[in-house]
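Protein chains in written order, with the working numbering: chain A, 1468 to 1544; chain B, 3 to 236. Beta carbons are placed, not taken as given, at the ideal position from N, Cα and C, and that holds for glycine. The block underneath contains the structure these notes are about, expressed in structure tokens.
Now the structure itself:
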């Protein structure tokens, strides 16, 4: 669910949706969501002063509360 | 258009005459049965004739249907539709049922959402709501190559927040008047600050100003010099 969520959001924001790859590394209590996008799209998922990344993290942590888990978003460069 | 009278041996026959003559389908006709001269069940045994009055329906049903048709043609793949899809998709992933409708007000496209588990989507002090709104605005801007001012409200949260802010700001303003020096609000996001600025826009005694850097800023509420000299409330 968390993986799908980030994929859904990222695909809506980038120029190359087909190059959006999201992996979820599940730990016992914490999941790490790794977001991979085309190089040109990095700015799009980070945003000015990291605002987009922050918004995604806010939504992700809200969603992970529902999943009774903690999740961390890592944007892979 | 006035009613026209039609006559037939059966109800169906009369309707058929009406639809042919008025060049409309049965569902678009307003029909009144005027006279049934029959011994049996309508349209069956022994019916001699039936007279009906019919006219093409002109109620707003049709007007609405047409308006809807036109709208769906014009607005296919509009920011409204896309936004709705986005929100629904988002809800599906989170396993939330979201009812959404759109409206336009003050140059903004507004999405009103109803959701049983809305608190998750609002978050602490509306931070999730702000994040969601920010992402949706970006997604719409990306797709339609134009910035659009949008607003999302969930379960009436913004209305409630606006009321709370208004009460808080009025209290602060009263204190400012009493003690004669400026007071600050808590850090507020742009929409919330706007509520306060708008509230005192036409108040000659009170001045508001945002202070700080970044997304959330405090609003300073102070007395307007001049107006305050004789405490004059015009």
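Secondary structure at residue 32 (chain B), three-state DSSP: helix, strand or coil? By 1-based counting over the second chain, the position of residue 32 (chain B) is 30. Strand at residue 32 (chain B).
Exercise for review: Please go through the same chain and pick out, in chain order, the residues whose beta-carbon is closer than 7 Å to the beta-carbon of residue 27 (chain B), but skip the five residues on each side of it.
Suggested key: For this step, residue 27 (chain B) is matched to residue 25 along the second chain. 21.
Using a C-beta cutoff of 8 Å, does residue 1476 (chain A) count as contacting chain B? Locating residue 1476 (chain A) in the first chain gives position 9, where the first residue counts as 1. Interface residue, yes.
Query raised in the report: Between B:84, B:117, B:4, B:183, which lies nearest to residue 99 (chain B) when the distance is taken from Cα to Cα?
Result: Reading the second chain from its first residue, position 97 is the one you call residue 99 (chain B). Nearest of B:84, B:117, B:4, B:183 to residue 99 (chain B), Cα basis: B:117.
*Rounded to the nearest angstrom, how far is the Cβ of residue 82 (chain B) from that of residue 104 (chain B), given a contact under 8 Å?*
By 1-based counting over the second chain, the position of residue 82 (chain B) is 80. By 1-based counting over the second chain, the position of residue 104 (chain B) is 102. Their Cβ separation, rounded to whole angstroms, is 5 Å, which keeps residue 82 (chain B) and residue 104 (chain B) in contact under 8 Å.
Can you tell me which residues form a DSSP beta bridge with residue 10 (chain B)?
As a position in the second chain, residue 10 (chain B) is number 8, starting the count at 1. B:52, per the DSSP bridge assignment.
8 Å Cβ cutoff, residue 1490 (chain A) in contact with chain B:
Position 23 of the first chain holds residue 1490 (chain A). Residue 1490 (chain A) does not count as touching chain B.
| query | What separation, rounded to the nearest whole angstrom, lies between the Cα atoms of residue 222 (chain B) and residue 175 (chain B)? | reply | Counting from 1 along the second chain, the entry for residue 222 (chain B) is found at position 220. Counting from 1 along the second chain, the entry for residue 175 (chain B) is found at position 173. Answer to the nearest angstrom: the Cα atoms are 10 Å apart.
Is there a Cβ of chain A sitting closer than 8 Å to that of residue 95 (chain B), yes or no?
Locating residue 95 (chain B) in the second chain gives position 93, where the first residue counts as 1. Yes, contact with chain A.
Just to confirm my understanding: we take residue 224 (chain B), look at its own chain, exclude 5 residues before and 5 after, and list those with CB closer than 7 Å. What are they?
Walking along the second chain from the start, residue 224 (chain B) turns up at place 222. These residues qualify, in order along the chain: 178, 184, 209.
| request: Could you name the residues of the same chain whose beta carbon sits closer than 8 Å to that of residue 76 (chain B), not counting the 5 residues immediately before and after it, in chain order? | output: As a position in the second chain, residue 76 (chain B) is number 74, starting the count at 1. Annotation note: pLDDT 49 at residue 76 (chain B) (below 50); position unreliable, coordinate value reported separately. None.
| said: Any contact between the stretch 5 to 18 of chain B and the stretch 1482 to 1495 of chain A? By contact I mean 3 or more CB pairs, one from each, below 8 Å. | reply: no
Under a CB-based cut-off of 8 Å, is residue 194 (chain B) close to chain A? Start at 1 with the first residue of the second chain, and residue 194 (chain B) comes out as number 192. Cβ-Cβ to chain A under 8 Å: no for residue 194 (chain B).
How about residue 123 (chain B) and residue 140 (chain B): are their beta carbons less than 8 Å apart?
Residue 123 (chain B) sits at position 121 when you count from the first residue of the second chain. Residue 140 (chain B) sits at position 138 when you count from the first residue of the second chain. Contact flag unset, no.
Review point. Does the beta carbon of residue 111 (chain B) come closer than 8 Å to any beta carbon on chain A?
Key: Counting from 1 along the second chain, the entry for residue 111 (chain B) is found at position 109. So, not an interface residue.
May I have the straight-line CA-CA distance separating residue 1541 (chain A) from residue 1515 (chain A), to the nearest angstrom? Within the first chain, residue 1541 (chain A) is the residue found at index 74, counting from 1. Within the first chain, residue 1515 (chain A) is the residue found at index 48, counting from 1. C-alpha separation (whole angstroms): 17 Å.
Using a Cβ cut-off of 7 Å, which residues of the stretch 138 to 163 of chain B contact any Cβ in chain A, in chain order? 140, 141, 144
Handout entry: Contacts that residue 58 (chain B) makes with chain A (C-beta to C-beta distance below 7 Å)
Key = Taking the first residue of the second chain as position 1, residue 58 (chain B) is located at position 56. By Cβ distance, chain A contributes nothing, its closest Cβ being about 46 Å from residue 58 (chain B), past 7 Å.
Endpoints, the alpha helix (DSSP H) within which residue 1519 (chain A) is located | Residue numbering aside, residue 1519 (chain A) sits at position 52 when the first chain is read from its first letter. First-last of the alpha helix (DSSP H) with residue 1519 (chain A): 1518 to 1533.
Check: Going by beta carbon distance, what residues of the same chain come within less than 8 Å of residue 1472 (chain A), once the five residues before and after it are set aside?
Finding: Position 5 of the first chain, counted from the first residue, corresponds to residue 1472 (chain A). 1526, 1527, 1530, listed in sequence order.
(message) Restricting to runs no shorter than 4 residues, where is the alpha helix (DSSP H) found entirely within the stretch 169 to 215 of chain B?
(response) 192 to 201
| DSSP on residue 105 (chain B), reduced to helix/strand/coil? | Translated into positions along the second chain, residue 105 (chain B) becomes position 103. Three-state DSSP puts residue 105 (chain B) in a strand.
So, does the CB of residue 1466 (chain A) fall closer than 8 Å to a CB anywhere in chain B? Limits of chain A in this structure are 1468 at one end and 1544 at the other, which puts residue 1466 (chain A) out of reach.
Determine, using beta carbons only, whether residue 1520 (chain A) comes closer than 8 Å to chain B.
Here the question's residue 1520 (chain A) lines up with position 53 in the first chain. Judged by the 8 Å Cβ criterion, residue 1520 (chain A) is not in contact with chain B.
Requested in this report: Return the residues of the stretch 112 to 130 of chain B that lie within a Cβ-Cβ distance of less than 8 Å from chain A, sorted by chain order.
Outcome: 119, 122, 123, 125, 129, 130
Q.
Taking its Cβ as the centre, do 16 or more other Cβ atoms sit within 10 Å of residue 1538 (chain A), making it buried, or is it exposed?
A. As a first step, residue 1538 (chain A) must be located in the first chain, where it is residue number 71. Label assigned to residue 1538 (chain A): buried.
Tell me residue 1502 (chain A)'s beta-bridge partners as DSSP assigns them. Within the first chain, the letter at position 35 stands for residue 1502 (chain A). DSSP output for residue 1502 (chain A) lists A:1489, A:1542 as bridge partner(s).
- Would you kindly check if the distance between the Cβ of residue 154 (chain B) and the Cβ of residue 1476 (chain A) is under 8 Å? For the purposes of this step, residue 1476 (chain A) is taken as the residue at position 9 of the first chain. For the purposes of this step, residue 154 (chain B) is taken as the residue at position 152 of the second chain. No. Outside cutoff.
Check each candidate in A:1510, A:1478, A:1535 and name the one with the smallest Cα separation from residue 1550 (chain A). With chain A covering only 1468 through 1544, there is no way to say anything about residue 1550 (chain A).
In chain order, what residues of the same chain have a beta carbon less than 6 Å from the beta carbon of residue 17 (chain B), not counting five sequence neighbours either side? Against the second chain, residue 17 (chain B) aligns to sequence position 15. Result list for residue 17 (chain B): 28, in chain order.
Checklist entry - Taking Cβ positions only, does residue 232 (chain B) come closer than 8 Å to chain A? => result For the purposes of this step, residue 232 (chain B) is identified with residue 230 of the second chain, where counting begins at 1. Confidence at residue 232 (chain B) is low in this model, with a pLDDT of 48, below 50, so the placement of that residue should be treated as unreliable; the coordinate-derived value is given next. No - not a single Cβ of chain A is within 8 Å of the one on residue 232 (chain B).
What are the residues in the stretch 1492 to 1506 of chain A lying within 7 Å of chain B by C-beta distance?
If the cut-off is 7 Å between Cβ atoms, the stretch 1492 to 1506 of chain A has nothing near chain B.
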